[in-house]
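Numbering (the numbering used here), first residue to last: 10 to 204.
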């Protein structure tokens with residue numbers, strides 16, 4: 010399929026509270042040549058960045074735990090284990106993720122390595138997330154982290170050993186997609202190289 014097989018024919022703003030919610034009408038040329046007309050609601054979400062902090066010497070990772078209303082509304086208790094993350098707000102992804110690491114975990118890291126950029130939920134959102142990994146050591150801790158209270162953040166910081174976090178992952182206890190992706194990256198890529 011090609012870019013020219015889809016044509017936007019209408020756009021209606023439904024809400025503009027946290028992120029704009031739009032109803033997008035479009036025509037799509039199907040593989041058989043027929044044209045179908047569709048309309049979908051799409052959040053014009055801001056792009057984000059996330060990073061997994063890991064210590065290969067002590068074989069630990071740093072994760073956060075915070076309440077997520079979407080998970081709660083879906084029937085989950087809402088408290089998810091996650092990698093540090095935030096929206097870009099126009100900043101460079103590496104710069105933004107280092108700031109989020111500092112705000113959420115209390116650790117100051119200078120170097121982050123870009124792993125990949127993925128669409129978060131392309132059926133309903135424009136958001137792309139830039140994924141990073143970063144080594145950390147205990148002496149990089151500056152404070153307790155916890156996020157910004159004025160932004161409604163109340164974040165716990167957890168340091169977990171590799172065996173513990175991978176067991177939680179295998180049991181399905183880590184349910185945040187960005188965190189699962191980065192933990193699997195750690196297992197498959199970094200550990201294979203002895204990092």
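The beta carbon of each residue, even a glycine, is placed where N, CA and C say it ideally should be.
The model shown is predicted, which means the values in this text are computed figures rather than measured ones.
Item: CA-to-CA distance, residue 194 to residue 178, given in whole angstroms; Value: 12 Å
Item: Environment of residue 14 [buried if 16+ CB atoms lie within 10 Å]; Value: exposed
Item: Candidates 134, 39 and 103: closest to residue 140 by CA position; Value: 103
Item: Rounded distance between the beta-carbons of residue 48 and residue 32, thought under 8 Å; Value: 6 Å
Item: Proximity to residue 158 [Cα-Cα], best of 181, 129 and 112; Value: 112
Item: Contained beta strand (DSSP E) runs [length at least 3] in the stretch 124 to 175, N- to C-terminal order; Value: 137 to 144 and 165 to 170
Item: For residue 27, three-class secondary structure by DSSP; Value: coil
Item: Residue 17 burial status per 10 Å Cβ neighbour count (16 or more: buried); Value: exposed
Item: Whole-angstrom C-beta distance between residue 56 and residue 22, which should lie under 8 Å; Value: Between residue 56 and residue 22 the Cβ distance is about 20 Å, and since that is not below 8 Å, they are no contact.
Item: Bridge partners - residue 183, DSSP secondary structure assignment; Value: For residue 183, which the question treats as bridged, DSSP gives no partner whatsoever.
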